[in-house]
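In the numbering used here, the protein residues as written are 864 to 1220.
In what follows, a structure is listed as structure tokens, so that the remarks can point back to it.
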Amino acid sequence: MAHQWRGVIREYFDRLDVTKDTPIITLGEGGTPLVEAPALAKLVGADRVLLKVEGMNPTGSFKDRGMTMAVSKAVGHGAKAVICASTGNTSASAAAYAAAAGIKSVVLIPEGKIALGKLSQAVAHKAQILQVQGNFDDCLILARDLAENYAVHLVNSVNPDRIEGQKTGAFEVVEALGFAPDLHVLPVGNAGNYSAYFKGYLEDFNAGTIKQVPKMWGYQAEGSAPFTVGHPVANPETIATAIRIGNPASWDLAQSARECSDGRFGAVTDAEILWMHRFLSQEVGVFVEPSSATGAAGLFKASKAGEVPAGSTIVVTVTGHGLKDAAWALKDEAGNQIEPQSVSKNAAEVAERLGLA
Ligand code: AN7
């Protein structure tokens, strides 16, 4: 019988901050595919580009790697409720893991700014959901305040258990490739995942498993790019709602990861994000949410500036599933709604319409 993946805590038990007494709340997260993307490699002039497809996690995003840790530890501490601020994916994940643990979840979301797929998940898993009249950064301040003063356990990535779980993404990349990539590229919001991958690679480096840590390249949306402007942004704006974050919670961790890895931060426009979102669907066969295309869009932008080293092996984390925010796929390049044509049941007519006749 094929080996059943047991979730990141059991698979990486010795490399995580857990003990035999930690209850393990898992939905089988991790073990996601590293998919060869020759069309993207050709586009950017690299030897190999591989996508770490995090949409294959149980709730459809990378957040599950951190949430299994955060909720397991919360339950271990006796928590009866967890709370998070979220642009959508964290709330979907927190709600699902809280359901699995038999505890309550509270989610604070920016009013009107989360994708429908993600909201439906939080509702389905019976989270207590409040839309806050403010943006994500306001929601996080509120969540921290409530967790400090009331009996709810914070599961945002300011909780180190989240970063700890998410570092397993790097372990899996190294195991799948047998070495570290030259570059690791990913979208950045709070910069928790960027920091987590670096931590994972650094641990592999310190263990002697890899000879060097990849250069970490993180990309934000231009209207929401505190790392490229060098300070928090008060009113972040982008169609990539998952990364509509002006004051990244992991600012210091991310800056040190960038320095230690000789990496970079950059920004791309919403148009560049949507172009890459379509390219990944149409040319690579991987359907991601727009925010998740931000890393690949940044890589393409860098390649046009001649900044992608020839012969390199590049891993790009695509963070969330396309069905999370499906409305974008149903628009054409001009922004018009796409609707399948209606036809009769006559084969000759259908063939004609398809251009087969
Ligand atoms: C698809 O769900 O912050 O840089 O509240 O959903 O670790 O914040 C989501 C972030 C990238 C950015 N891609 O990761 C939330 C939230 C997707 C995301 C990011 C998010 P970080």
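Glycine is no exception: its CB is placed at the ideal position from the N, C-alpha and C atoms.
Please read these numbers as outputs of a predicted model, since none were measured by experiment.
| Query | Result |
| --- | --- |
| Whole-number beta carbon distance between residue 1153 and residue 1045, since they are thought to touch under 8 Å | The Cβ separation is near 26 Å, so there is no contact. |
| For residue 1116 and residue 1195, the rounded distance between their alpha carbons | 39 Å |
| 6 Å CB neighbourhood of residue 912 in its chain, flanking five on each side removed | 900, 903, 904 and 1177 |
| Ranges of the beta strand (DSSP E) found wholly within the region 1008 to 1065, counting only runs of at least 3 | 1046 to 1050 |
| Residue 1082 Cβ short of 7 Å to the ligand SAH heavy atom set | By its list of ligands, the structure shown excludes the ligand SAH, since it contains just the ligand AN7. |
| Distance between residue 885 and residue 1149 (C-alpha atoms, nearest Å) | 36 Å |
| Identity of the residue in 989, 1039, 865 and 958 nearest residue 898 by Cα | 1039 |
| Residue 1106 and residue 1050 closer than 8 Å at C-beta | yes |
| Element boundaries [alpha helix (DSSP H), containing residue 1138] | 1133 to 1142 |
| Contacts around residue 967, its chain only, beta-carbon distance under 6 Å, and the 5 residues preceding and following it disregarded | 944 |
| Cβ pair residue 1028, residue 1108 closer than 8 Å | no |
| Start and end residues, alpha helix (DSSP H) containing residue 1089 | 1089 to 1092 |
| Helix, strand or coil at residue 1166 according to DSSP, with G and I counted as helix | helix |
| Pair within 8 Å by beta-carbon distance, residue 973 and residue 998 | yes |
| Inter-stretch contact at 8 Å, needing at least 3 Cβ pairs: the region 873 to 887 / the region 909 to 928 | no |
| Three CB pairs or more closer than 8 Å across the region 1082 to 1093 and the region 1116 to 1131 | yes |
| Beta carbon of residue 1208 nearer than 8 Å to that of residue 1104 | no |
| Contiguous beta strand (DSSP E) assignments of at least 3 residues, all confined to the region 864 to 913 | 897 to 899 |
| Boundaries (first-last residue) of the beta strand (DSSP E) holding residue 1079 | 1078 to 1084 |
| Option nearest residue 917 by Cα separation, candidates 985, 1210, 1215 and 1184 | 1184 |
| Residue 1164 to residue 1087 span [Cα, whole Å] | 17 Å |
| Start and end residues, alpha helix (DSSP H) containing residue 1217 | 1210 to 1217 |
| First through last residue of the alpha helix (DSSP H) which encompasses residue 1104 | Unbroken run through residue 1104: none, as it is neither H nor E. |
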